[in-house]
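Chemist: No gaps in the numbering here: position 220 of the sequence shown is 509 in our numbering, and each next residue is one more. Glycine included, C-beta positions come from ideal geometry on N, C-alpha and C. Keep in mind that this is a model prediction, so the values were computed, not measured.
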Amino acid sequence: MIRQLPLFPLGSILFPGATINLHIFEERYRQMIGRCLEEQSPFGVVLIRQGDEVEEGRLGARPAEPYNVGTVAEISANVRLEDGRFLLTAVGRERFRIQHVIQRAPYLIASVLELPEVVAPSAAAAEEELRATYERYWQAVAAATGVPVQPEDLPVEPMELAYYLADRLQVPAARKQHWLESSLITRLREITGDMRTELALMPTGKRATGEGFSGMGSLN
Numbered sequence: 290m291i292r293q294l295p296l297f298p299l300g301s302i303l304f305p306g307a308t309i310n311l312h313i314f315e316e317r318y319r320q321m322i323g324r325c326l327e328e329q330s331p332f333g334v335v336l337i338r339q340g341d342e343v344e345e346g347r348l349g350a351r352p353a354e355p356y357n358v359g360t361v362a363e364i365s366a367n368v369r370l371e372d373g374r375f376l377l378t379a380v381g382r383e384r385f386r387i388q389h390v391i392q393r394a395p396y397l398i399a400s401v402l403e404l405p406e407v408v409a410p411s412a413a414a415a416e417e418e419l420r421a422t423y424e425r426y427w428q429a430v431a432a433a434t435g436v437p438v439q440p441e442d443l444p445v446e447p448m449e450l451a452y453y454l455a456d457r458l459q460v461p462a463a464r465k466q467h468w469l470e471s472s473l474i475t476r477l478r479e480i481t482g483d484m485r486t487e488l489a490l491m492p493t494g495k496r497a498t499g500e501g502f503s504g505m506g507s508l509n
């Protein structure tokens, strides 16, 4: 489905199912959020490919050029402060691809195409391996620290599982963007690979009690 969507370029990524907290202080985005609230409509979160988050008129600021794939954000809670700023929480919904930009000022509006989510039959094996790797990861953390660890329950659905861990892993924004753009099977396999790498680097037993080991590795 093609639709028009106001865009909020950021230095971080919103995955479907994840939440984001935002402080809206620039006038152009106050206008955007005010309109979204009035119309009860969403906006799009897109990672900045190059440029700056701050207003373009500021000294040295460069126009924010976003990646083409982002996530629809639905406002779930908001507070409007006396000076017109907003504090809000938004939830990631479906992914989209920018078709073309309709408006650049005062804020970006683009024609976007919703991206389908496909669960291929081959994803089942990749999902199983990721869950097993996740369990081994926390078992290794417990062995390394000497402290029992109860890992969080993972989402049941493979799509939700992949987005959940993609959001939590501490990797560069460009890699997260790659996962946002990728197929489910690619996302599952690459997250498993990253966790295996972390496992290989993790100290074991009493050797892990020295300074510098957080016990959390690449997970938030």
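Expressed to the nearest angstrom, what Euclidean distance is found between the alpha-carbon atoms of Met484 and Ile391?
Modeler: Cα-Cα distance, rounded: 41 Å.
Chemist: Taking C-beta to C-beta, are Gly359 and Val334 nearer than 8 Å?
Modeler: Yes, the Cβ-Cβ distance between Gly359 and Val334 is below 8 Å.
Chemist: Give the C-beta separation of Ile398 and Leu296 to the nearest angstrom, bearing in mind that I take them to be a contact with Cβ-Cβ under 8 Å.
Modeler: Contact flag correct, Cβ pair sits at about 7 Å.
Chemist: DSSP state of Ile291, grouped into three classes?
Modeler: Three-state DSSP puts Ile291 in a strand.
Chemist: Give the secondary structure of Leu348 by DSSP, where H, G and I count as helix, E and B as strand, and everything else as coil.
Modeler: Because Leu348 sits at a pLDDT of 47, beneath the cut-off of 50, its placement in the model cannot be relied upon, and the following sentence gives the value as read from the coordinates. In the structure shown, Leu348 sits in coil (DSSP, three-state: anything other than H, G, I, E or B).
Chemist: Could you check if Thr481 is buried or exposed, using at least 16 other CB atoms within 10 Å of its CB as the buried criterion?
Modeler: By the neighbour-count rule (16 or more Cβ atoms within 10 Å), Thr481 is buried.
Chemist: According to DSSP, which residues form a beta bridge with Pro298?
Modeler: The partner list for Pro298 (beta bridge, DSSP) reads Val335.
Chemist: From Glu418 to Ala455, what distance separates their C-alpha atoms?
Modeler: C-alpha separation (whole angstroms): 15 Å.
Chemist: Note down the Cα distance separating Tyr396 from Val430, rounded to an integer number of angstroms.
Modeler: Going by the C-alpha atoms only, they are around 45 Å apart.
Chemist: Does Met290 pass the burial test, meaning 16 or more other C-beta atoms within 10 Å, or should it be called exposed?
Modeler: Looking at its Cβ environment, which holds fewer than 16 other Cβ atoms inside 10 Å, Met290 is exposed.
Chemist: So, using beta-carbon positions, are Leu336 and Leu294 closer together than 8 Å?
Modeler: Going by C-beta atoms, Leu336 is not nearer than 8 Å to Leu294.
Chemist: Is Val430 helix, strand or coil when you go by DSSP?
Modeler: Helix at Val430.
Chemist: Taking C-beta to C-beta, are Pro331 and Val368 nearer than 8 Å?
Modeler: Result no, Cβ atoms of Pro331 and Val368 do not sit closer than 8 Å.
Chemist: Where DSSP assigns a beta bridge to Arg386, which residues make up the other side?
Modeler: In the DSSP output, where bridge partners are listed per residue, Arg386 has Val358, Leu402.
Chemist: Suppose you measure from the CA of Tyr453 to the CA of Ile474; what does that come to, to the nearest Å?
Modeler: Their Cα atoms are separated by approximately 15 Å.
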